[in-house]
Amino acid sequence: QLINWRNRYRENNGRLLFTSGEIYLMFVRIMSIGALFNVGWLRREKDTFFKKLVEPAFSMIDYRPYPQQKGSLSDWAYFSKRHERLNIVEDGFHDSLARCRLVVLDHPGLTFLAAMTANIPTIGFWNTESWAFFMHARSHFDRFRSLGIIHDSGEAAASKVNAVWDHIEDWWCDPDIQESRDLFCQEFARTDR
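In structure tokens:
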């Protein structure tokens with residue numbers, strides 16, 4: 370699945386794509402997911418992210434809620450009432466991802482892997498106590514944290530977006546970021562057929 374994302378990043382459309390994971394209220398199968406114990410934290414931190422984001426980045430948000438499933442919260446209904454200027458992305462998600470100026474994620478899932486594979490400028494934040502990583506993977510995420518790619522709160526992520534918005538390409542093309550991304554992809558997002 371990831372091979373289709375390899376170097377897919379195209380000229381950006383100037384938009385910030387915020388991609389939300391599913392917010393489970395109960396497990397429907399055995400799975401590895403931190404969100405069940407994370408509902409209050411995640412809602413609060415996403416709300417803080419939107420409040421702390423400044424112009425021009427805030428007016429450029431495209432919000433992609435996870436399609437609602439049985440046993441999960443309607444994320445879009447909640448945030449559209451609190452932040453009326455959010456633009457929802459329902460269709461054409463993959464094209465929006467491939468063309469965004471920056472993707473912001475609230476979970477370390479498949480979209481994170483696709484963004485790394487495609488080399489899309491990425492900022493993420495999630496509760497590290499709710500998402501357990503294999504010890505070997507933890508060093509990669511610690512490195513991403515030190516480079517400002519991963520954050521522990523919505524406020525910290527918004528602060529980073531505000532700081533790099535005018536020069537995202539320069540920030541993302543930093544040799545340390547690119548080396549860390551390459552090493553991560555070699556181990557966790559391989560695309561060699």
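Quick note: our numbering has the sequence shown finishing at residue 562, numbered continuously throughout.
We treat Cβ as the ideally placed atom computed from N, Cα and C, and that holds for glycine.
In this text the structure is predicted, and so the values were computed from the model without any measurement.
- Counting the other CB atoms within 10 Å of its CB gives Met-504 a total below 16, which places it among the exposed residues.
- Relative to the Cα of Arg-379, the nearest Cα in the group Asn-456, Gly-478, Pro-490 and His-476 belongs to Pro-490.
- Taking all protein chains shown into account, Pro-477 has 16 or more neighbouring C-beta atoms within 10 Å of its C-beta and is therefore buried.
- By the C-beta criterion, the region 451-465 is judged not to be in contact with the region 505-519, since fewer than 3 inter-stretch pairs fall below 8 Å.
- In this model, Pro-425 and Arg-413 are separated by some 23 Å (Cα to Cα).
- Residue pairing by DSSP places Tyr-432 opposite Phe-387 and Ile-457 in a beta bridge.
- When the five nearest sequence neighbours on each side are left out, the beta carbons in the same chain lying within less than 8 Å of the beta carbon of Val-530 are those of Leu-385, Leu-422, Ala-426, Leu-471, Val-473 and Ile-492, in order along the chain.
- In the three-state DSSP reduction, Phe-494 falls in the strand class (E or B).
- Cα atoms of Ser-428 and Trp-541: separation of roughly 21 Å, rounded to the nearest angstrom.
- Residue state for Val-472 is assigned as strand, using DSSP reduced to three classes.
- Under the three-state reduction of DSSP output, Ile-372 falls in the helix class.
- At the C-beta level, Thr-417 and Glu-524 come within 8 Å of one another.
- Asp-475 is a Cβ neighbour of Gly-390, given a cutoff of 8 Å.
- Between Ala-526 and Phe-494, the C-beta gap is smaller than 8 Å, which places the two residues in contact.
- In the three-state reduction of the DSSP assignment, His-452 falls in the coil class, being assigned neither a helical nor a strand state.
- Taken atom to atom, the span from the alpha-carbon of Leu-455 to that of Asp-444 is near 12 Å.
- Beta-bridge partners assigned by DSSP to His-520: Phe-494.
- With respect to Thr-486, Thr-560 sits close: the two C-beta atoms are nearer than 8 Å.
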